[in-house]
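> Let me give you the structure first, and then I'll get to my questions.
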Amino acid sequence: MHGGVFAPLLRELEPHFQCYVIDLPGHGLSDERDLAFHQTVDRLLTMLPSAHWLGWSLGGLFALEAALREPDRVLSVVQIAASPRFVVGADWPHAVSPAVFSQFADDLARDYAATIERFLALEVQGDAHARSEIRWLRERLALCPPSDPRVLVDGLAILAQTDLRAELAHLQMPSLWIAGKRDRLVPWAALQAAANAAPGARFVLIEGAGHAPFLGHPRQVAAAILAALSGPQAASARLNQMG
1167 MHGGVFAPLL
1177 RELEPHFQCY
1187 VIDLPGHGLS
1197 DERDLAFHQT
1207 VDRLLTMLPS
1217 AHWLGWSLGG
1227 LFALEAALRE
1237 PDRVLSVVQI
1247 AASPRFVVGA
1257 DWPHAVSPAV
1267 FSQFADDLAR
1277 DYAATIERFL
1287 ALEVQGDAHA
1297 RSEIRWLRER
1307 LALCPPSDPR
1317 VLVDGLAILA
1327 QTDLRAELAH
1337 LQMPSLWIAG
1347 KRDRLVPWAA
1357 LQAAANAAPG
1367 ARFVLIEGAG
1377 HAPFLGHPRQ
1387 VAAAILAALS
1397 GPQAASARLN
1407 QMG
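All residue numbers for the sequence shown refer to the working numbering, where the first residue is 1167 and numbers rise by one.
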């Protein structure tokens, strides 16, 4: 996806924040094509001002890594349907099998269009507004050039290989973890467990929402963000968003 996916949420947040909406390398209108995880975080920290950071799904890993690396510049971190670890493990049942990411990579090579359509369906599956949301997502995707399949495979590898759970205890700023109860990609229990592991964290569960709760439930998501950022840590009204 690209930054345009945040449009419903931006309508709720822009009266309160100066918002910087990020297209990750290889996505949307970005002219960069290297999605290397640590180098991309370095680049974002160089480009962006001190602010609150919001990440959705894959974008959540970049936001969380930035928060861990530069606590003086990341005032707080908001994770929407984003987990510190996206694959299952012996001590982490709140995720999907690594085979899911391998299958997506194989499918992208065989039939790009059908694989993207399948992923869009998974993003909205279970949401109370799924039909209207998938139409809206298709329209948004058509506004930007298609992502390079190689970059999408790199993103799948980041999801499969990154594990930031052990770092959560070292977060030095408030964090907010927003989950959709009907999410079919990232179980809400993963975000609850992450919030339990991070000091100063809050967990919010959006009933009736899937993997993109800010599409069908933007007011609820914005209300949770505003409530979390309404204290002294909200001194800078800037918000960096990436998906």
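A virtual CB, placed ideally from N, CA and C, is assigned to each residue, including glycine.
Go ahead and pull the three-state DSSP assignment for residue 1351.
Sequence index remark: in the sequence shown, residue 1351 carries index 185 (1-based). Residue 1351: coil per DSSP, three-state reduction.
> Within this structure, are the beta carbons of residue 1199 and residue 1292 separated by less than 8 Å?
What you label residue 1199 is simply residue 33 of the sequence shown in a count that begins at 1. What you label residue 1292 is simply residue 126 of the sequence shown in a count that begins at 1. Result no, Cβ atoms of residue 1199 and residue 1292 do not sit closer than 8 Å.
> Looking only at DSSP bridge pairs, what is residue 1222 linked to?
Counted from its first residue, the sequence shown places residue 1222 at position 56. Answer by DSSP bridge pairing, in chain order: 1246.
> Rounded to whole angstroms, what's the CA-CA distance from residue 1319 to residue 1209? Just pull it up for me.
Along the sequence shown, one-based indexing puts residue 1319 at 153. Along the sequence shown, one-based indexing puts residue 1209 at 43. Going by the C-alpha atoms only, they are around 20 Å apart.
> Pairs of beta-carbons, one from the region 1383 to 1392 and one from the region 1347 to 1365, closer than 8 Å: are there three or more?
With a cut-off of 8 Å, the region 1347 to 1365 and the region 1383 to 1392 do not count as touching, because too few Cβ pairs lie within range.
> Mind checking residue 1248: buried by the 16 CB within 10 Å criterion, or exposed?
Reading the sequence shown from its first residue, position 82 is the one you call residue 1248. By the neighbour-count rule (16 or more Cβ atoms within 10 Å), residue 1248 is buried.
> If you draw a straight line from the alpha carbon of residue 1400 to that of residue 1273, how long is it in whole angstroms?
By one-based count along the sequence shown, residue 1400 stands at place 234. By one-based count along the sequence shown, residue 1273 stands at place 107. Bear in mind that the predicted position of residue 1400 carries a pLDDT of just 46, short of 50, making it unreliable; the figure below should be weighed with that in mind. Each residue's alpha carbon lies about 43 Å from the other.
> Going along the chain, which unbroken runs of the alpha helix (DSSP H) with 4 or more residues stay wholly within the region 1328 to 1401?
You should have 1354 to 1363, 1379 to 1382, 1384 to 1394.
> In the DSSP assignment, find the unbroken beta strand (DSSP E) run with residue 1301 in it and report its ends.
Position 135 of the sequence shown, counted from the start, is the residue given in the question as residue 1301. Per DSSP, residue 1301 belongs to no beta strand (DSSP E); it is in the alpha helix (DSSP H), 1296 to 1307.
> So which of 1224, 1405, 1167 has the shortest CA-CA distance to residue 1282?
To locate residue 1282, count along the sequence shown from 1; it is residue 116. For residue 1282, the nearest C-alpha among the options comes from 1167.
> Is it buried or exposed for residue 1184, if we count other Cβ within 10 angstroms and need 16 for buried?
Position 18 of the sequence shown holds residue 1184. Burial call: exposed.
> What would DSSP say about residue 1269, mapped onto helix, strand or coil?
Within the sequence shown, the letter at position 103 stands for residue 1269. Three-state result, residue 1269: helix.
> Using a Cβ-Cβ cutoff of less than 8 Å, which residues in the same chain neighbour residue 1224 once the five nearest sequence positions on both sides are dropped?
To locate residue 1224, count along the sequence shown from 1; it is residue 58. So the list reads 1190, 1248, 1321, 1324, 1325, 1409, once near-sequence residues are dropped.
> Could you check where the alpha helix (DSSP H) with residue 1288 kicks off and where it finishes?
To locate residue 1288, count along the sequence shown from 1; it is residue 122. Unbroken alpha helix (DSSP H) run through residue 1288: 1278 to 1290.
> Along the alpha helix (DSSP H) that carries residue 1207, what are the first and last residues, could you check?
For this step, residue 1207 is matched to residue 41 along the sequence shown. That run of the alpha helix (DSSP H) goes 1203 to 1213.
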